[in-house]
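**Q** Got a structure here, written out as structure tokens. Questions coming.
Number of protein chains: 2
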Amino acid sequence: MKKRIGVLLSGRGSNFEALADSIAAGRISNAEIALVLSNREAAVGIERAKARGLVTKVIPSKGLEREVYDRQVVAALNEAKVDLICLAGYMRLLSPYFVAAFPQKILNIHPSLLPSFPGLEAQKQALDYGVKFAGCTVHFVDENLDAGPIILQSIVPVEDADTEETLSARILKEEHKIYTEAVKIVLEGNFNISGRRVVRS
Amino acid sequence: MKKRIGVLLSGRGSNFEALADSIAAGRISNAEIALVLSNREAAVGIERAKARGLVTKVIPSKGLEREVYDRQVVAALNEAKVDLICLAGYMRLLSPYFVAAFPQKILNIHPSLLPSFPGLEAQKQALDYGVKFAGCTVHFVDENLDAGPIILQSIVPVEDADTEETLSARILKEEHKIYTEAVKIVLEGNFNISGRRVVRS
Numbered sequence: 060m061k062k063r064i065g066v067l068l069s070g071r072g073s074n075f076e077a078l079a080d081s082i083a084a085g086r087i088s089n090a091e092i093a094l095v096l097s098n099r100e101a102a103v104g105i106e107r108a109k110a111r112g113l114v115t116k117v118i119p120s121k122g123l124e125r126e127v128y129d130r131q132v133v134a135a136l137n138e139a140k141v142d143l144i145c146l147a148g149y150m151r152l153l154s155p156y157f158v159a160a161f162p163q164k165i166l167n168i169h170p171s172l173l174p175s176f177p178g179l180e181a182q183k184q185a186l187d188y189g190v191k192f193a194g195c196t197v198h199f200v201d202e203n204l205d206a207g208p209i210i211l212q213s214i215v216p217v218e219d220a221d222t223e224e225t226l227s228a229r230i231l232k233e234e235h236k237i238y239t240e241a242v243k244i245v246l247e248g249n250f251n252i253s254g255r256r257v258v259r260s
Numbered sequence: 060m061k062k063r064i065g066v067l068l069s070g071r072g073s074n075f076e077a078l079a080d081s082i083a084a085g086r087i088s089n090a091e092i093a094l095v096l097s098n099r100e101a102a103v104g105i106e107r108a109k110a111r112g113l114v115t116k117v118i119p120s121k122g123l124e125r126e127v128y129d130r131q132v133v134a135a136l137n138e139a140k141v142d143l144i145c146l147a148g149y150m151r152l153l154s155p156y157f158v159a160a161f162p163q164k165i166l167n168i169h170p171s172l173l174p175s176f177p178g179l180e181a182q183k184q185a186l187d188y189g190v191k192f193a194g195c196t197v198h199f200v201d202e203n204l205d206a207g208p209i210i211l212q213s214i215v216p217v218e219d220a221d222t223e224e225t226l227s228a229r230i231l232k233e234e235h236k237i238y239t240e241a242v243k244i245v246l247e248g249n250f251n252i253s254g255r256r257v258v259r260s
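Residue numbers (our numbering), protein chains in the order written: chain U, 60 to 260; chain B, 60 to 260.
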């Protein structure tokens, strides 16, 4: 039985495409994307998922209270029988209800070395702060913004000549690599969580 | 004329000894340690400085208001005609008066990848948070805790088996390297500060 991945996105979903490519190329064996779900009608990622022949669903979030909305999403994910949920540019905080429904089964990727620079425009935050190294983080999702135990991180240097665009592009390459790696680790179950530390078992 | 460095410390001052070693070995050319100053009588670093034949001074801070104390320290540093001030485990925030007296002339090293984990026990904070990479940061000092523009950072991996001791030891090696490097950069003046970004010129 293949492990079933649900992807949540709100925009272009570049990390969704990287995961889909990794599965297609056999870098994540024995897995499939069972559902690509967006809270926005206009998400480019939904079009790209359709073009790949994947099952898609749009559940508009506008105007709904967080948990009311999340109950619809959780129902759709349960209906699709997903084993793992990957956020890929999903621009919503999850309710405690959502988080509790899939313990240690929801991943997110963020383009910074958390806990530095959570939230929007992380790469610009890093540049403006003047750090010498930036990077990205795959973490389990809880109800807080860009929090939750860290599975993998990757580092890139910040160059003196960097702009938000050049730095973002350097980080994005690493995002695509470590999201695939992290999905493998979690699907294989070869880890323990001690406090906040995710260690390989 | 050799550039004159003032070192401020409160404890053992491992980074002071690394700087003194670097100067002795010629890794920082044309510089000397003009004064080692502590706010604590019992600082081991003062004994070590004396053993190296360096000029030392203890100005006890206990019970004094921040700026009242800092005026004494600034006077001592001016009397010693220092060109650069290096904090090495100096357990005090500097007053705006102190910072304004030596613009872009005060450096600190902190054992984390700032802005993550400022303050005490940075290595333990990093371990407890579960980051996969840790490191250290040399930065210009302002009146805030472990803030100010970053000159250099260095990265080390966090291993699953790490304790606070093993991680701290790995970071400390990097501290000694980049503090020397940062002092060279600042003494040579080959940098510009744009916003918070310190870039090489």
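C-beta: ideal position from N, C-alpha, C; glycine also.
On the DSSP bridge assignment, give the partners of residue 192(U) in chain order.
**A** Answer is 216(U), bridged to residue 192(U).
**Q** Could you check whether the Cβ of residue 227(B) sits closer than 8 angstroms to any Cβ belonging to chain U?
**A** It does not: the Cβ of residue 227(B) has no partner Cβ on chain U nearer than 8 angstroms.
**Q** Buried or exposed for residue 204(B), please, with buried defined as at least 16 other CB atoms from any protein chain shown within 10 angstroms of its CB.
**A** When all chains shown are included, residue 204(B) counts as exposed.
**Q** Rounded to whole angstroms, what's the CA-CA distance from residue 63(B) to residue 129(B)? Just pull it up for me.
**A** The alpha-carbon atoms of residue 63(B) and residue 129(B) are separated by roughly 20 angstroms.
**Q** Using a Cβ cut-off of 8 angstroms, pull out every chain U residue sitting near residue 248(B), in sequence order please.
**A** Residues of chain U passing the Cβ test: none, with the nearest at roughly 16 angstroms.
**Q** Answer yes or no: does any C-beta atom of chain A fall closer than 8 angstroms to that of residue 177(U)?
**A** Among the chains of the structure shown, chain A does not appear; the protein chains present are U and B.
**Q** Consider the C-beta atom of residue 210(U) and the heavy atoms of the ligand GTP; say whether any pair is separated by less than 7 angstroms.
**A** Within the structure as shown, the ligand GTP is missing, as the structure has no ligands at all.
**Q** For residue 188(B), go through chain U and note every residue whose CB falls closer than 7 angstroms to its CB, in chain order.
**A** Neighbours of residue 188(B) on chain U, chain order: 174, 255.
**Q** Can you find a C-beta in chain B that's less than 8 angstroms from the C-beta of residue 258(U)?
**A** Cβ-Cβ to chain B under 8 angstroms: yes for residue 258(U).
**Q** Name the chain B residues that come within less than 7 angstroms of residue 211(U), Cβ to Cβ?
**A** Those within 7 angstroms of residue 211(U) in chain B are 191.
**Q** Kindly list, in the order they appear in chain B, the residues whose Cβ is closer than 8 angstroms to that of residue 162(U).
**A** Under the 8 angstroms cutoff, chain B gives no residues; its nearest Cβ is about 17 angstroms from residue 162(U).
**Q** Using a beta-carbon distance below 8 angstroms, is residue 28(U) in contact with chain B?
**A** Nothing can be reported for residue 28(U): it is not among the residues displayed for chain U, which extend from 60 to 260.
**Q** Please work out which residues of its chain come closer than 6 angstroms, Cβ to Cβ, to residue 214(B), disregarding the five sequence neighbours upstream and downstream, and give them in chain order.
**A** The answer, listed in chain order, is 192, 194.
**Q** What does the Cβ neighbour count give for residue 148(B), buried or exposed, with the cut at 16 atoms within 10 Å?
**A** Classification of residue 148(B): buried, given that the 10 Å Cβ count is 16 or more.
**Q** So, for residue 140(B): in the same chain, excluding its five sequence neighbours on each side, which residues have a beta-carbon less than 8 angstroms away from its beta-carbon?
**A** Cβ within range, chain order: 63, 93.
**Q** Starting from residue 208(U), find everything on chain B with Cβ-Cβ shorter than 7 angstroms and list it in chain order.
**A** Ordered by position in chain B, the residues that pass the 7 angstroms Cβ test against residue 208(U) are 189.
**Q** Helix or strand or just coil, what does DSSP make of residue 75(B)?
**A** Reduced to three states, the DSSP call for residue 75(B) is helix.
**Q** What three-state label does DSSP hand residue 104(U) in the structure shown?
**A** Residue state, collapsed to three classes: helix.
**Q** Have a look at residue 211(U) and residue 164(B) and give me their C-alpha separation to the nearest angstrom.
**A** Answer to the nearest angstrom: the Cα atoms are 37 angstroms apart.
**Q** DSSP state of residue 81(B), grouped into three classes?
**A** Helix, per DSSP.
**Q** Given a cut-off of 8 angstroms on the beta-carbon distance, is the pair residue 117(B) and residue 97(B) in contact?
**A** A contact, by the Cβ cut-off of 8 angstroms.
**Q** Alpha carbon to alpha carbon, how far is residue 77(U) from residue 244(U)?
**A** Approximately 16 angstroms between the Cα atoms of the pair.
**Q** Would you tell me roughly how many angstroms separate the C-alpha atoms of residue 65(U) and residue 115(U), rounded to the nearest one?
**A** Roughly 10 angstroms separates the two Cα atoms.
**Q** Going by DSSP, what residue range makes up the alpha helix (DSSP H) through residue 159(B)?
**A** 155–160 is the extent of the alpha helix (DSSP H) around residue 159(B).
**Q** Can you tell me which residues form a DSSP beta bridge with residue 167(U)?
**A** DSSP, once it has assigned bridges, lists 198(U) as partnering residue 167(U).
**Q** Between the alpha carbons of residue 162(U) and residue 190(U), how many angstroms are there, rounded?
**A** Using only the alpha carbons, I get a separation of about 34 angstroms.
**Q** Can you name the residues of chain U whose CB is closer than 7 angstroms to the CB of residue 219(B)?
**A** Under the 7 angstroms cutoff, chain U gives 258, 259.
**Q** Please identify the residue among 136(B), 176(B), 167(B), 219(B) whose C-alpha is closest to the C-alpha of residue 145(B).
**A** The candidate whose alpha carbon is nearest that of residue 145(B) is 167(B).
**Q** Check each candidate in 250(B), 219(B), 237(B), 208(B) and name the one with the smallest Cα separation from residue 250(U).
**A** Among 250(B), 219(B), 237(B), 208(B), the Cα nearest to that of residue 250(U) is on 219(B).
**Q** Pick from 102(U), 226(U), 152(U): whose alpha carbon is nearest that of residue 180(U)?
**A** Ranking the options by Cα distance to residue 180(U), first place goes to 226(U).
**Q** Between residue 214(B) and chain U, is any beta-carbon pair separated by less than 8 angstroms?
**A** Chain U, which has a Cβ nearer than 8 angstroms to the Cβ of residue 214(B), makes this yes.
**Q** Which residues share a DSSP beta bridge with residue 116(U)?
**A** Partner(s): 96(U).
**Q** Under three-state DSSP, which class holds residue 90(B)?
**A** Residue 90(B): strand per DSSP, three-state reduction.
**Q** Which of helix, strand or coil does DSSP assign to residue 133(U)?
**A** Here residue 133(U) sits in helix by DSSP.
**Q** With a Cβ-Cβ cutoff of 8 angstroms, do residue 175(U) and residue 186(B) count as a contact?
**A** Cβ distance not < 8 angstroms, so residue 175(U) and residue 186(B) don't count as in contact.
**Q** What residue does the alpha helix (DSSP H) around residue 245(B) start on, and which one ends it?
**A** Per DSSP, residue 245(B) belongs to the alpha helix (DSSP H) from 223–247.
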